[in-house]
Amino acid sequence: MARQFCTFFVGELFLGIEVTRIQEVLRDWMITPVPTANPAIRGLINLRGQIITAVDLRTRFQLPDRDRDDAPPTILVLDGSEELLSLVVDRSGDVLEVNDECFEEPPDTLKSESRRLIQGAFKLEHSLLLVLDIDHVFDLDAADERV
Amino acid sequence: MGGMDDIVAEFLAESVENLDQLDQDLVTLEKNPSDREVFAQIFRTIHTIKGTCGFLAFGTLESVTHVGESLLSRLREGTLDLRPEITTDLLALIDAVRAILANIDATGQEGDEGYADLIERLKSHGEGTESIAGIPEPSASTPPSRAKASGRKKSASTPAKGARGKKKAPEKIPARKQAEPAPEPAAADEDADELELASTPTNAETSIRVDVRVLDHLMNLVGELVLSRNQLVQHVAGSTDSLLTSSSQHLDAITGELQEAVMRTRMLPISSIWKKLPRFTRDLSLKFGKQVEIKMEGEETDLDKSVIEAIKGSLLHLVRNAVDHGIEDPDTREENGKPRTGTLRLRAHHEGGTVVIEVHDDGGGLDRDRILARAIKAGLVSEAESEGLSRHEIESFIFHSGFSTASKVTNISGRGVGLDVVRTNVERIGGSVELQSEPGESTTFRVKIPLTLAIVSVLLVAADEHRIAIPQASVVELIRLDDAVSGLGIEDLNGVPVFRLRGNLLPLVFLNQELGIQENTETRSGANIVVLQGDDRQFGLVVDAIEDSQEIVVKPLGHLLSTVPFAGATILGNGQIALILDVFRLGLAAGVISEARAHSIATQVSAAVKTRKSRTRLVCIHGADDERLAVEFEAVNRLENIPRSFIERVGNQQVVQYGDEILQLVDLQQTLPERRKEARSSPNPADSTTVPVVVCNVSGRRIGLVVHMIADIVEEELKARRPGSRDGIRGCAVIQDRVTEILDLEAVVRLADPEFFDRETGSS
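Taken in sequence, the protein lines are chains D and U.
This note's numbering numbers the first residue of the first sequence as 1 and each following residue consecutively.
This note's numbering numbers the first residue of the second sequence as 1001 and each following residue consecutively.
Okay, structure coming up:
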């Protein structure tokens, strides 16, 4: 069975979320930082009057922060039933159709915390598409306990 | 099966609502057993639940309600009298129904409890007359009578019943119903129809049920619309295009009205929580062996749903407190020459932009000696210090945590968590609790709460690049320290920065530090202190800049941000997000609230001992010829210097544009009787370009008092009070060794503009 994935980049990682989970993609959007919040929370965004928490995937994957002169990050707003949440990524890629047959367990090369955030990988022709485990990404308390 | 789920959901919502009503009705009925109207109501509710759950195949629920219905029909026929035990069992029946409904709501199943005990007890009440199980009535015989009933209902044009009829109609379809052992004496069914017909139409025909989330969404959208409107109106202001200007004005007006209308949809009458109280009081009074009658006034007072949710617990606690601690047992009451039955009176009414709820009991009042003994024992105050405490100071000890005067701890109240939590909860939403007690006579709690939580008036401050909104309800005053002064003002007390404010030590919290913002090392000139009230403690918040005061729409923060010291966020006119400070949590985080509490009470008390008796805060004003006047601080909103050129004339009134509103000005010199002539000859010194204005609240409306000079804010014990000698003056007192006249603001306004209070308050 083939599924569609919205792909994006965080550092060297090539990641994907199923298209149906994504409500919209925002570029050049203002993020208001929230002092004292968990470091993984980049801040709040104003989406047509709705205030949405934005979690930075760089922090979640324990990658260094973006440089000042890097291109402004992209925000993926996820379709949530109760509360809208969003992810801050470096840039978005194409929507890819992948086949379930090439799905594999997460690669061993990933560090343990990062491994928890990945459901598995799709082996593509030229690259490896990592499937993000959204529930774990937003489980900030568990991440704290580990640190 | 989406349709079925919808039906179940609707059934649950309707039944829960009905059950609350039922509680109230049963208690009413107990007092007045002959009230047929109430009886009909009870019967109808039980009957409806029974009917619907049979159709939805909830067997336990049906059998429980069925015995209840049979018992009720027996009571109705008069073969049985309504005794207190029966009422208790009927109430237990309602609890059982509630528990089953909660189970259905959570799991979709009724749960394992069979309630055989309860059914047995309910049956036993009707023993001996006719067999309760009756002859199982074949369900096929039901539809005709029902159909007939619903036909009649429609002709009576009561949609509430029309809806019920509709819901019952599919009953013919499921075969499940037949499999269900559903014995139903035909008599009960007919009774119900008869009762239903006799009932008066409800307000159901003019109302519909809407999910709160839909309203919240609507509110959100309107908030957005308001922001867009503000941007547009600002943009259009400079335009010469008359068509554009007029349509923007039109949009402006409509948006305002829409906002108000949407706000109204979120309002609920306070009776939505009060109707639980008669039952609640009855249970409590049985438990404590007291006799309590509950009276309610102003049930129709509207409050925002979110406010109602926020104060529900506190209100129940106050009622519990009144029944447990307030009202004496019947024998004691009789000895003291009071009627055996105590009265618990609840009153609600609007007062300005707030709602006041009073919980009054005619019990023994507060026992100050016992409170004081308890306070000394708990180390809140030393014996020596306690000598000079005022009545009010002693009474306020009961709001401190861990304080209970109940001689024994009951499972209802007296666990030491109580009134302090009530006060904290009420203050959290920007309200206040006051207490009045006459020993041997009564105790009254006055809870003052804002009408809505959705729109709050805030003070915007800056901390580095962050914009932080502080609810005005928590702001006591603003202090600006200039360079020269700041060296003197801020002191270090064992590592805690404090500021000496009129003789009291005010602990300081640096906002940048609390928020973990890198402090600019370059020394800033001066400092801004926002004096905040959190819990029972004041503290000063040092901020980078004080920007503006605004009315904002509160938006919740997501669950990932539950630990930050912010209560929510808002969107400013420019689309930027500002965080709303949770003053209480910030105080806790900074350690100025909880940890310091016990300690602070001691210092507060000792300070109070030195300067005891009641003190009043006053804003002192100097008149043109050094005449001394004062306004009570309570009534003062802000002190402003308004440029003379901003003052405009409308008719014979002076007004000034003030924020979003038009502020009417009252010139004190031209208004007060003896000053009139002089004032004309010697107006305010014309050389100054600004005039000092005291912005006051008069009966919930704002006016600006134009004065000669604002001198000082003092806290004084009013000695040698005597009544005023001219119009507009409440009385005289000696303040700072000068005889000072205290203004009666209402009278002053009436002197300046006799029609002021008759005019409708214009909405902004």
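Ideal Cβ positions, reconstructed from N, Cα and C, are used throughout, including at glycine.
Distance from the CA atom of A1378 of chain U to the CA atom of G1591 of chain U, rounded to whole angstroms, is 21 Å.
For D1283 of chain U and L1344 of chain U, the gap between their C-alpha atoms comes out near 14 Å.
Close partners of I41 of chain D in chain U (Cβ separation under 8 Å): L1560, L1561. Pairing A1752 of chain U with V1666 of chain U, the inter-Cα distance amounts to about 6 Å.
Under the three-state reduction of DSSP output, V1210 of chain U falls in the coil class, being neither helix nor strand. In this structure the segment 1113–1125 of chain U touches the segment 1060–1079 of chain U; the number of beta carbon pairs closer than 8 Å is three or more. Apart from the 5 residues on each side of it in sequence, R58 of chain D sits with its Cβ closer than 7 Å to the Cβ of V10, G11, D65, R66 in its chain, given in chain order. Note on geometry: alpha-carbon atoms of L1101 of chain U and I45 of chain D lie some 40 Å from one another. At a cut-off of 8 Å, the C-beta of T7 of chain D has no neighbouring C-beta in chain U. Burial state of H1250 of chain U is exposed, judged by a 10 Å Cβ sphere holding fewer than 16 other Cβ atoms.
One thing to note: V19 of chain D has its Cβ no nearer than 8 Å to the Cβ of L76 of chain D.
In this chain, the beta strand (DSSP E) harbouring S92 of chain D covers 91–99. Around the beta-carbon of H1708 of chain U, 16 or more other beta-carbon atoms lie within 10 Å, marking it buried. Interface flag for R48 of chain D against chain U is set, since a Cβ pair is found closer than 8 Å.
Residue-level contact check: L44 of chain D touches chain U, since one or more beta carbons of chain U fall below 8 Å from its beta carbon. A straight-line Cα-Cα distance of about 51 Å links G120 of chain D and I1049 of chain U.
If you draw a straight line from the Cα of I1470 of chain U to the Cα of M1267 of chain U, it is about 25 Å long. For G1540 of chain U, the secondary structure class from DSSP, reduced to helix, strand or coil, is strand. Relative to L1668 of chain U, the option among U:I1729, U:E1077, U:D1544 whose CA is nearest is U:I1729.
The criterion of a C-beta distance shorter than 8 Å is satisfied by V1695 of chain U and R1702 of chain U. Judged by DSSP secondary structure, N46 of chain D falls within the beta strand (DSSP E) whose first and last residues are 41–47. Membership of S1396 of chain U in any beta strand (DSSP E) is not indicated, and neither H nor E is assigned to it by DSSP. The C-alpha of R1628 of chain U is placed about 5 Å away from the C-alpha of H1622 of chain U.
Under the criterion of beta carbons closer than 8 Å, L1743 of chain U and V1631 of chain U qualify as touching, at roughly 5 Å.
When DSSP states are grouped into helix, strand and coil, L129 of chain D belongs to the strand group.
Interface criterion met: the Cβ of I1571 of chain U is under 8 Å from a Cβ in chain D. Under the 8 Å Cβ criterion, the segment 1431–1450 of chain U does not count as touching the segment 1494–1508 of chain U, having fewer than three qualifying pairs. Straight across, the Cα-Cα distance linking A40 of chain D with P1269 of chain U is about 43 Å.
Within the segment 1219–1250 of chain U, N1220, L1221, G1223, E1224, L1227 place their CB atoms closer than 8 Å to a CB of chain D, listed in sequence order. Of all residues in the segment 1340–1351 of chain U, none comes within less than 7 Å of chain D when Cβ atoms are compared.
Under the three-pair Cβ rule at 8 Å, the segment 1733–1741 of chain U does not count as touching the segment 1652–1664 of chain U. Secondary structure of D1369 of chain U (DSSP, three-state): helix.
Chain order gives the chain D residues near I1517 of chain U as P35, where near means a beta carbon separation below 9 Å. Residue environment analysis places S1725 of chain U among the exposed positions, since fewer than 16 neighbouring C-beta atoms fall within 10 angstroms of its C-beta.
Within the segment 77–104 of chain D, E82, E83, L84, L85 place their CB atoms closer than 9 Å to a CB of chain U, listed in sequence order. If you look at F1510 of chain U, you'll find it in the beta strand (DSSP E) that goes 1504–1510.
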